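In what follows, a single structure is set out as structure tokens and then discussed.
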Amino acid sequence: MSQGVIQGSMREAPLPDIIQLVSQGGKSGCFHVQQEASKARIYLKDGRIIHAVTHSGEGFEALMEVALWLEGNYRFEEVTPEVPATINKPNASILMELGRRMDEWRVISQKVPSVDLYPASTLLPGETPHGVNPREARVLALATGYFSVAEVAEVMQKPVLTIAKDLYGLVMAGHVVLKGLRSGKPPKVDAPAAPAKEPGQDLVPVSALLGGAPPPVITNSREEDTAIVPLQRHAPPPQAQGFPDGDEAIPVTVGGGVAGGAPPLTPKPAPVDDPQRMVKLMNFTQRIAQAAKTVLPEVQHEMVNRLQAKATQQIISGDGPEAVKGLALAISRGAVDAGCDADMVRTLNTHLKALFASK
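Throughout, the numbering used here is defined as the position within the sequence shown, counted from one, plus 30.
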């Protein structure tokens, strides 16, 4: 039986301040923290933070996940914790780091409001981003619209706040947009450095890293860079071993968070044989072809017509939005292969991107 309960909203008082207040009293117990579908437990013994657990892990990094929850709720129960001590740092340094990350996330969340959104590159063939460091370049390579921000962080084995910070810069530079629905295909992912792998295993599917069962890995191509029609919802992540089942509900207070994302919805893909959808996609191929012809010389118009006819046949065969994306990218490649100058290719890409931005 609990001896005392403290509860409230993190919008009204930052969580580090509440933890510090409780720890100064030398109390033992558990903070139950929740933002929408995300939950965490933070354990104190004699006022010292000793353990934390979330759906994705436990220990210090699990505690730092809470830095991305700016508007959740908390409830502290004064009980005797029966958990392992996985955190050995002083409270002062823990709370200072937690507060620092929360301050960073307040800024980043203005452009990356949820780690459950799907970053998609806006770059087309012939474009090379300037001022991008190696890690940001890898984030760009994974930004096909298939991985969420959190999944990109897991694939790259980096803290999600670090990847969100990279994406903040890429969004500000116009290289990436964030979408609410998963789209595109999974790119190939570099395997982690350890453990050692057998020959021929330099690349691993995302299912091996994320524990899920996405479609088979397909080599990444620039045809995945521009999402047109969202294909599926983000599947809910598997519950991490160690987070207690049957956690009782935390009292709901007014206001919801924007940083944690809404609960995943059941996938509901659009049918590939919907006539209205096919007409819409074929009309879009005509707009792409017309935009390309306004930029390219007349000698290239036959190439555009040929690629449009191919895309139309692919739509009829059921390829849907992938065929439309492929058309824009194939026209851009065709212009490069035909020897069009760089200014013309850049103008072409600008026109094509404008079509997708207004879609």
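From the three backbone atoms N, C-alpha and C, an ideal C-beta is built for every residue, glycine too.
It should be emphasised that the depicted structure is a prediction, and the values quoted were computed from it without experimental measurement.
From this set, the options, which residue's C-alpha is nearest residue i's C-alpha?
{"i": "S390", "options": "V179, E352, S362", "result": "Not covered by the structure: residue 390. The range shown for the chain is 31 to 389."}
{"i": "L172", "options": "F61, H85, V207", "result": "V207"}
{"i": "N103", "options": "S39, K340, F61", "result": "S39"}
{"i": "L45", "options": "F61, V201, H381, K57", "result": "F61"}
{"i": "P217", "options": "L128, K209, F90, S151", "result": "S151"}
{"i": "N313", "options": "V329, A353, E332", "result": "A353"}
{"i": "L357", "options": "N379, A70, A82", "result": "N379"}
{"i": "R168", "options": "P143, M333, K69, V219", "result": "V219"}
{"i": "Q338", "options": "I318, V201, L326", "result": "I318"}
{"i": "E127", "options": "S144, V96, P114, I36", "result": "V96"}
{"i": "Q343", "options": "M374, H381, D196, L311", "result": "L311"}
{"i": "A321", "options": "F386, P351, V142", "result": "F386"}
{"i": "T110", "options": "G199, I72, Q316, T315", "result": "I72"}
{"i": "K141", "options": "M94, T84, W99, G204", "result": "G204"}
{"i": "W99", "options": "G129, P120, I124", "result": "G129"}
{"i": "D349", "options": "K215, V375, V137", "result": "K215"}
{"i": "G210", "options": "T315, A194, G199, F177", "result": "F177"}
{"i": "I124", "options": "A82, V137, I361", "result": "A82"}
Roughly how many angstroms lie between the CA atoms of residue i and residue j, to the nearest whole one?
{"i": "E112", "j": "G59", "result": "10 Å"}
{"i": "I48", "j": "L147", "result": "30 Å"}
{"i": "A43", "j": "M132", "result": "13 Å"}
{"i": "L419", "j": "E101", "result": "The structure shown does not extend to residue 419, since the chain spans only 31 to 389, so no value can be given for it."}
{"i": "N163", "j": "L51", "result": "41 Å"}
{"i": "K340", "j": "K355", "result": "12 Å"}
{"i": "G87", "j": "M308", "result": "44 Å"}
{"i": "I248", "j": "V201", "result": "Note that I248 scores a pLDDT of 34, beneath 50, so its modelled location is shaky; the value from the coordinates is reported in the next line. In a straight line, the C-alpha of I248 is about 26 Å away from that of V201."}
{"i": "P229", "j": "K323", "result": "Because P229 sits at a pLDDT of 42, beneath the cut-off of 50, its placement in the model cannot be relied upon, and the following sentence gives the value as read from the coordinates. Going by the C-alpha atoms only, they are around 48 Å apart."}
{"i": "P189", "j": "L154", "result": "28 Å"}
{"i": "S53", "j": "E108", "result": "11 Å"}
{"i": "H160", "j": "Q187", "result": "25 Å"}
{"i": "F106", "j": "E157", "result": "52 Å"}
{"i": "G369", "j": "G175", "result": "30 Å"}
{"i": "V145", "j": "E328", "result": "46 Å"}
{"i": "E166", "j": "V35", "result": "44 Å"}
{"i": "G56", "j": "V63", "result": "20 Å"}
{"i": "R41", "j": "R336", "result": "57 Å"}
{"i": "K119", "j": "S213", "result": "41 Å"}
{"i": "S347", "j": "T315", "result": "15 Å"}
{"i": "R363", "j": "G199", "result": "27 Å"}
{"i": "M94", "j": "D371", "result": "50 Å"}
{"i": "L382", "j": "I193", "result": "28 Å"}
{"i": "Q65", "j": "T84", "result": "12 Å"}
{"i": "D367", "j": "K195", "result": "36 Å"}
{"i": "E332", "j": "D373", "result": "21 Å"}
{"i": "P351", "j": "V375", "result": "23 Å"}
{"i": "L359", "j": "L170", "result": "17 Å"}
{"i": "I361", "j": "I345", "result": "17 Å"}
{"i": "V137", "j": "P143", "result": "10 Å"}
If we call anything under 8 Å between Cβ atoms a contact, is residue i one with residue j?
{"i": "P149", "j": "V185", "result": "no"}
{"i": "I80", "j": "A115", "result": "yes"}
{"i": "V334", "j": "T377", "result": "no"}
{"i": "A92", "j": "A70", "result": "yes"}
{"i": "W135", "j": "L191", "result": "yes"}
Measure the beta-carbon distance from residue i to residue j and round it to whole angstroms, keeping in mind my assumption that it falls under 8 Å.
{"i": "I117", "j": "G89", "result": "6 Å"}
{"i": "Q330", "j": "A365", "result": "7 Å"}
Are the C-beta of residue i and some C-beta of chain B separated by less than 8 Å?
{"i": "G199", "result": "The displayed structure is made up of one protein chain only, and chain B is not part of it."}
Give the DSSP bridge partners of residue i, in chain order.
{"i": "C370", "result": "Its beta-bridge partners do not exist; DSSP assigns none."}
{"i": "E107", "result": "V35, C60"}
{"i": "A82", "result": "I72"}
{"i": "G87", "result": "T84"}
{"i": "Y148", "result": "K209"}
{"i": "Q54", "result": "According to DSSP, which records beta bridges pairwise, Q54 is partnered with nothing at all."}
{"i": "Q65", "result": "S68"}
{"i": "T324", "result": "For T324, which the question treats as bridged, DSSP gives no partner whatsoever."}
{"i": "T174", "result": "A150"}
{"i": "V334", "result": "Per DSSP, none; premise fails for V334."}
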